[in-house]
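For the sequence shown, counting from 1, position 56 maps to 56 in UniProt numbering; every step adds exactly one.
For each residue, glycine too, the CB sits at the ideal point set by N, CA and C.
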Amino acid sequence: DVYETFNILMRRKPKENNFKAVLETIRELMNTECVVPDWLHDIILGYGDPGAAHYSRMPNEIETMDFNDTFLDLDHLRASFPEHAIKVKTDDPRKLVPPFRYVIKSS
Numbered sequence: 001d002v003y004e005t006f007n008i009l010m011r012r013k014p015k016e017n018n019f020k021a022v023l024e025t026i027r028e029l030m031n032t033e034c035v036v037p038d039w040l041h042d043i044i045l046g047y048g049d050p051g052a053a054h055y056s057r058m059p060n061e062i063e064t065m066d067f068n069d070t071f072l073d074l075d076h077l078r079a080s081f082p083e084h085a086i087k088v089k090t091d092d093p094r095k096l097v098p099p100f101r102y103v104i105k106s107s
């Protein structure tokens, strides 16, 4: 077979290479354990309505949210939300480690 006897060298535009890398990164992130929420999935892929992710148009209010590896520790979490009081279930520093979960209490 003649096609097995030669190699092809191609040059691509940097913009195309960057776009491919971005798409591969998005694909890899979506195939991990930390799955993108359904309401954000189509928007990240570029074919959803961005306005649909606004809190006023969400059908159900989210009561809990896992932050996974977003925050390094409790101090980082508190520093990220200085205007809010962060309440924890325990004072044991060994248990105050990521992943953190955000819970909205109904009043």
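Check, Outcome
"Span of the beta strand (DSSP E) around residue 75", "Note, residue 75: premise wrong, no beta strand (DSSP E); alpha helix (DSSP H) at 74-80."
"Start-to-end residues for the beta strand (DSSP E) that takes in residue 58", "Unbroken run through residue 58: none, as it is neither H nor E."
"Candidates 49, 102, 64: closest to residue 57 by CA position", "49"
"Buried versus exposed, by CB contacts within 10 Å (16 or more), residue 45", "exposed"
"Coil, strand or helix - residue 27 by DSSP", "helix"
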